[in-house]
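Undergrad: For reference, each letter of the sequence shown is one residue, going 853 to 1085 in our numbering.
Cβ coordinates follow ideal geometry from the N, Cα and C atoms, glycine included.
No experiment lies behind these values; they were computed from the predicted model shown.
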Amino acid sequence: MKFAIASICLTFSALTADGASISIKNPSFEDQGDTLNGNGNGTPIASDPGDFTAGVVPEWDDNFTLTNNAGLFNPTGSTSGAAHSGSLVTFLQTNVNGGSYLVQNLELDGGGNVTAEPLSNITITGWISNRFSSAADPLLRVSLRVAPNTNIMAPMEFDAPNDPTWTEFTASFDLPDSATLGVAAGQPVFLVFDSIGPQILLDDISGTTSIPEPSSALICGCAGLLLLRRRRS
Ligand SMILES: [Ca+2]
Ligand SMILES: [Ca+2]
């Protein structure tokens, strides 16, 4: 009886782990699109179909060793069609070998960093599209790092099919226990995007994180023991 109550309580605790929204900065890549003017023709890229920046994605730390292979892009009227939302997207192309990637430190909606906590979950969602509808599908790679450049989880790869439609991706990272995490817990987590293959388009990034709450399991377990005692007496 005691074990049954305990296991029910633990299951309940796992299901009610605290889920918190991650505040992605410039999640739809629209920021500064009304001022940046990639081709210098006098019209900002947000209202200039086909215009793009080379190696500039505001509010994301770019690390573009090949600047022409990443940036903001207004896809309206191109083979890839419109942005998933708004008028701008980010494009990435074959950045792995060049060492280029798009990165930002993850912060919670209420402020404070998302940190590397054993047994927590960090889930990143977004939309990808194949820029040229190329036969060779580009792959988006999603990684989590702690500074300076340490992967804490193996990159997840997502395929953008060879048509101009948008595909949703969900990268759900279950961090291991502290013995196998490989880094000290509590360090700020960085979200990293890079890609393999032809140009891939990226839009509307969001994220959540949840951390198991051992305290609630303890409270629940104590309540279960109290219940058991009451029934015995
Ligand atoms: Ca957008
Ligand atoms: Ca322009």
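(1) Whole angstroms are fine: how far does the CA of residue 992 sit from the CA of residue 913?
(2) Does the separation of the CB atoms of residue 1007 and residue 1044 fall below 9 Å?
(3) Using 8 Å as the cut-off, classify the Cβ of residue 896 as near or not near the heavy atoms of ligand 2, replying yes or no.
(4) According to DSSP, is residue 1032 helix, strand or coil?
(5) Between the Cα of residue 1038 and the Cα atoms of 911, 968, 872 and 878, which residue gives the shortest distance?
(6) If you count every other CB in all the chains shown that lies within 10 Å of the CB of residue 1050, and 16 or more means buried, which is it?
(7) For residue 921, which of helix, strand or coil comes out of DSSP?
(8) Excluding the 5 residues flanking residue 1011 on each side, which residues of the same chain have their C-beta closer than 7 Å to its C-beta?
(9) Should residue 881 be listed as close to ligand 1, given that the test is whether its C-beta is under 8 Å from any heavy atom?
(10) Throw me the rounded Cβ distance for the residue 973 and residue 1061 pair, which I believe falls under 8 Å.
(11) Measure the CB-CB distance between residue 897 and residue 1057 and report whether it falls below 9 Å.
(12) Between residue 1017 and residue 936, what straight-line distance do the alpha-carbon atoms span, to the nearest angstrom?
(13) Cα-Cα, which of 926, 874 and 880 is closest to residue 899?
(14) Compute the Euclidean distance between the alpha carbons of residue 923 and residue 1020, then round it to the nearest angstrom.
(15) Sort 980, 982 and 1041 by Cα distance to residue 1004 and report the nearest one.
TA: Working from what's here:
(1) By 1-based counting over the sequence shown, the position of residue 913 is 61. By 1-based counting over the sequence shown, the position of residue 992 is 140. Take the alpha-carbon of residue 913 and the one of residue 992: they are about 17 Å apart.
(2) Within the sequence shown, numbered from 1, the residue matching residue 1007 stands at position 155. Within the sequence shown, numbered from 1, the residue matching residue 1044 stands at position 192. It is a contact, given that the beta carbons lie within the stated cut-off.
(3) Locating residue 896 in the sequence shown gives position 44, where the first residue counts as 1. At a cut-off of 8 Å, the beta-carbon of residue 896 counts as near ligand 2: some heavy atom of the ligand is closer than that.
(4) Along the sequence shown, one-based indexing puts residue 1032 at 180. Assigned with DSSP and collapsed to three states, residue 1032 falls in helix.
(5) In the sequence shown, the residue the question calls residue 1038 occupies position 186. Ranking 911, 968, 872 and 878 by Cα distance to residue 1038 puts 968 first.
(6) Taking the sequence shown and counting its residues from 1, the one referred to as residue 1050 is at position 198. Residue 1050 comes out buried.
(7) Numbered from its first residue, the sequence shown carries residue 921 at position 69. DSSP, reduced to helix, strand and coil, places residue 921 within a helical segment of the structure shown.
(8) As a working mapping, residue 1011 is identified with position 159 in the sequence shown. Within the same chain, 989 and 991 come within 7 Å of residue 1011 by CB-CB distance, once the 5 residues on both sides are set aside.
(9) In the sequence shown, residue 881 corresponds to position 29, counting from 1. Checking the Cβ of residue 881 against ligand 1 gives yes.
(10) Translated into the one-based positions of the sequence shown, residue 973 becomes position 121. Translated into the one-based positions of the sequence shown, residue 1061 becomes position 209. Right, their Cβ atoms sit about 7 Å apart.
(11) Residue 897 sits at position 45 when you count from the first residue of the sequence shown. Residue 1057 sits at position 205 when you count from the first residue of the sequence shown. Their beta carbons are not under 9 Å apart, which means residue 897 does not touch residue 1057 by this criterion.
(12) On the sequence shown, position 165 is the one that residue 1017 refers to. On the sequence shown, position 84 is the one that residue 936 refers to. About 9 Å.
(13) Here residue 899 corresponds to residue number 47 of the sequence shown, with the count starting at 1. Ranking the options by Cα distance to residue 899, first place goes to 926.
(14) By one-based count along the sequence shown, residue 923 stands at place 71. By one-based count along the sequence shown, residue 1020 stands at place 168. Between residue 923 and residue 1020, the alpha-carbon positions lie close to 20 Å from each other.
(15) Working through the sequence shown from its first residue, we reach residue 1004 at position 152. Out of 980, 982 and 1041, 1041 has the C-alpha closest to the C-alpha of residue 1004.
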